[in-house]
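Scroll down for the structure; my scribbles are underneath it.
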Amino acid sequence: MYFLPSEVQLDILKCLNFKQLLNIQQTNRFYENFINKYEEELARKEFDKLEVISSFNYNIIKYKFLTPTPELYDFQLSEQLEEKWRWGIKKKIPMFLSTQHVKINIIVYKLKRAVYFQLPNFPKNIEEMKINHYWLEQIFKCAFKYVELTQYFIFNPQMIELLFDENKIKMPLQIYSQKSDLVISHQKIKSLSKFALNHLISNQFSVSSCNYYYAIYFLFKILTEGGNGFSTVCCWCIDLSKIYIRIIKKTY
Numbered sequence: 001m002y003f004l005p006s007e008v009q010l011d012i013l014k015c016l017n018f019k020q021l022l023n024i025q026q027t028n029r030f031y032e033n034f035i036n037k038y039e040e041e042l043a044r045k046e047f048d049k050l051e052v053i054s055s056f057n058y059n060i061i062k063y064k065f066l067t068p069t070p071e072l073y074d075f076q077l078s079e080q081l082e083e084k085w086r087w088g089i090k091k092k093i094p095m096f097l098s099t100q101h102v103k104i105n106i107i108v109y110k111l112k113r114a115v116y117f118q119l120p121n122f123p124k125n126i127e128e129m130k131i132n133h134y135w136l137e138q139i140f141k142c143a144f145k146y147v148e149l150t151q152y153f154i155f156n157p158q159m160i161e162l163l164f165d166e167n168k169i170k171m172p173l174q175i176y177s178q179k180s181d182l183v184i185s186h187q188k189i190k191s192l193s194k195f196a197l198n199h200l201i202s203n204q205f206s207v208s209s210c211n212y213y214y215a216i217y218f219l220f221k222i223l224t225e226g227g228n229g230f231s232t233v234c235c236w237c238i239d240l241s242k243i244y245i246r247i248i249k250k251t252y
């Protein structure tokens with residue numbers, strides 16, 4: 001298989017499921033790099049749901065808590081990236097679009113089981129930055145039937161860019177889902193729009209907001225700049241006629 005053209009190897013790998021790809025990837029460095037390079041076109045591990053909630057939600061205790069071992073997240077940083085990370089820590093760049101000094105729970109559901117892990121909103125050291133990098137990388141490598149994102153617990157696109165500043169294998173930094181729900185209710189609407197446009201892909205994207213002006217701005221950005229990221233976009237509590245007028249003005 002080594003001697004086949006890259007496009008033929010890719011066509012063969014497209015016939016495999018995620019578990020089979022993982023087994024091949026572990027055989028040698030060549031296939032590890034090859035599958036990483038084309039992983040956007042290959043099968044992903046699929047889960048039923050991804051949910052982001054506050055650490056104050058006490059329902060979380062019924063789920064299994066995951067803690068990564070150091071060998072999973074401890075990789076060698078370049079001097080340039082370490083310097084940028086230390087700058088981010090000093091500037092207190094949050095992991096989420098929230099100013100709360102809490103740990104945020106990420107819950108992943110599969111069938112009737114669920115597990116969760118925590119991300120500090122304000123990483124205090126390089127190790128916590130590495131842990132955040134590790135968990136985000138796992139999320140980006142998966143696919144979800146349903147993603148639920150609520151107001152203050154949206155991933156901060158600035159932190160995503162900082163954590164993956166040296167994305168050498170050009171891994172897609174996006175959350176893949178069949179259906180996503182997003183609630184808009186705070187003023188960081190530009191950052192929220194940037195997250196949705198750059199880091200979210202969904203067949204059906206539903207947006208709800210009690211703030212008319214935020215909803216208009218967000219929906220206009222998604223419809224005019226979203227490209228192929230969203231097949232269907234739904235929005236609640238909004239006068240769609242104003243969206244039509246803005247799109248027509250931009251087009252003509």
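If you count by full-length UniProt numbering, then the sequence shown holds residues 1 to 252, one letter each, in order. All C-beta atoms in this analysis are idealised placements derived from N, C-alpha and C, irrespective of residue type, glycine included.
Around cysteine 234, the same chain offers Ser206 as residues with beta carbons nearer than 6 Å, after the five sequence neighbours per side are excluded.
Beyond the five residues adjoining it in sequence on each side, phenylalanine 195 comes within less than 7 Å, by CB distance, of Ile154, Phe155, Pro157 in the same chain, given in chain order.
DSSP places serine 193 in no beta strand (DSSP E) but in the uninterrupted alpha helix (DSSP H) bounded by 189–199. At the C-beta level, asparagine 203 and serine 231 come within 8 Å of one another. The Cβ atoms of tyrosine 63 and tyrosine 134 do not sit closer than 8 Å to each other.
Put simply, the backbone Cα of alanine 114 is about 23 Å away from that of valine 183. According to the DSSP assignment, leucine 66 belongs to no beta strand (DSSP E), since it is labelled neither H nor E.
Glycine 88 sits buried, since 16 or more C-beta atoms from the chains shown fall within 10 Å of its C-beta.
From the listed residues Cys15, Glu127, Met95, the smallest Cα separation to threonine 69 is found for Glu127.
Secondary structure within the stretch 115–183: the alpha helix (DSSP H) runs of 4 or more consecutive residues, fully enclosed, are 126–140, 157–163 (chain order).
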